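Per this note's numbering, the very first residue in the sequence shown carries number 188; after that it's consecutive. Okay, so here's the structure we're looking at.
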Amino acid sequence: MLPDRTGASSATEFTSGPGSEIALDRGIDSDLRPAGTIDLRAEYGWRDRSSPGRRRVEDVSLARSGCQRAGRKTTLLNLAIGLDRPSRGSVMLFDNELNSMAQSAITRLRARSVGIIFQDPLLLPGLTALENVVAGLLPHTGWRALQSRAREILQMVGLGERMDFAPSRLSGGERQRVAIARSLVGRPRLVVADEPTGQLDTESTGRLLDLFERLKRELAFTLVVVTHDPIVAARAGRIVNLHAGRVKD
188 MLPDRTGASS ATEFTSGPGS EIALDRGIDS DLRPAGTIDL RAEYGWRDRS SPGRRRVEDV
248 SLARSGCQRA GRKTTLLNLA IGLDRPSRGS VMLFDNELNS MAQSAITRLR ARSVGIIFQD
308 PLLLPGLTAL ENVVAGLLPH TGWRALQSRA REILQMVGLG ERMDFAPSRL SGGERQRVAI
368 ARSLVGRPRL VVADEPTGQL DTESTGRLLD LFERLKRELA FTLVVVTHDP IVAARAGRIV
428 NLHAGRVKD
């Protein structure tokens with residue numbers, strides 16, 4: 188259950204890797220009201236009804252005092268934002284029970300309220316940085332409004348002079364900043380990042396983490412970061428361990 192954030196910035200960062208940790212960091216003045224817990228499971232690879240399949244997420248306890256998560260990191264992110272559906276249990280996102288929603292409604296909810304950042308920036312090579320930032324939301328928002336917002340965000344991430352450049356003319360760190368701008372252009376309440384520093388060197392990783400912290404303060408969104416990188420984990424204020432798909436707080 189992701190927190191229903193009604194206050195100012197509330198950032199929750201996660202790490203998951205060999206050693207199986209989750210690190211959480213609360214933002215300032217967050218309003219995360221405690222709630223009950225639920226069990227969540229996702230299974231893959233059924234051969235028939237008698238086969239239990241391979242469990243990827245099992246018996247996850249989730250509470251609004253934070254977002255405690257376990258299991259394979261990408262699977263769990265996908266469950267949290269409705270890209271996958273759980274085999275058992277339910278997922279609440281902003282007080283919406285995703286299990287009871289049509290996929291089209293979940294897609295609209297993500298477009299309005301969720302930004303996504305991947306390890307690979309996944310930029311379209313034939314588009315400029317500016318065009319890449321707005322492309323995903325064009326079906327939902329007009330070009331003029333998006334273009335103005337995209338220019339503002341690209342300035343905030345330090346790419347004001349490079350927004351008309353194609354991805355091939357940008358460094359790896361700059362391409363990831365385009366991806367960050369793309370995740371923020373729709374004014375999301377939640378941003379999820381799956382290994383966002385995975386392709387960056389140590390210096391670029393540090394700069395990107397500094398950028399995340401500044402953007403959280405200025406734009407007031409909840410941030411969920413999943414990473415194997417201990418440098419990223421060290422920036423969080425709380426660690427939650429994962430063992431065999433189960434959260435160990």
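All residues carry an ideal CB built from backbone N, CA and C; glycine is no exception. Small disclaimer: the values here were computed from a predicted structure and weren't measured.
| Check | Outcome |
| --- | --- |
| Sequence ranges, beta strand (DSSP E) only - wholly within the stretch 264-307, length at least 3 | 301-304 |
| C-alpha distance - Ala-289 paired with Val-411, whole-angstrom precision | 24 Å |
| Presumed contact (8 Å Cβ cut-off) between Asn-319 and Arg-356, rounded CB distance | Contact doesn't hold; Cβ gap of about 13 Å is too wide. |
| Separation of Leu-371 from Glu-405, as counted between CA atoms | 12 Å |
| DSSP state of Ala-380 mapped onto helix, strand, coil | strand |
| Member of Ala-407, Ile-293 and Asn-283 whose CA lies at the smallest distance from the CA of Asp-271 | Ile-293 |
| For Leu-377 and Leu-132, the rounded distance between their alpha carbons | No information on residue 132 is available, as it lies outside the stretch 188 to 436 that the chain covers here. |
| 6 Å Cβ shell around Arg-336 - same chain, five flanking residues per side excluded | Val-372 |
| Closest Cα partner of Val-321 within the set Asp-351, Asp-307, Ser-277 and Leu-266 | Asp-351 |
| Simplified DSSP state of Val-411, which is helix, strand or coil | strand |
| Pro-273 versus Glu-348 - alpha carbon distance | 44 Å |
| 8 Å Cβ cutoff met for Ile-268 and Arg-297 | yes |
| Nearest residue (CA-CA) to Asp-172, options Ala-366, Thr-261 and Glu-400 | Examination of residue 172 is not possible in this model, given that the chain is present from 188 through 436 alone. |
| Arg-374, DSSP secondary structure in three states | coil |
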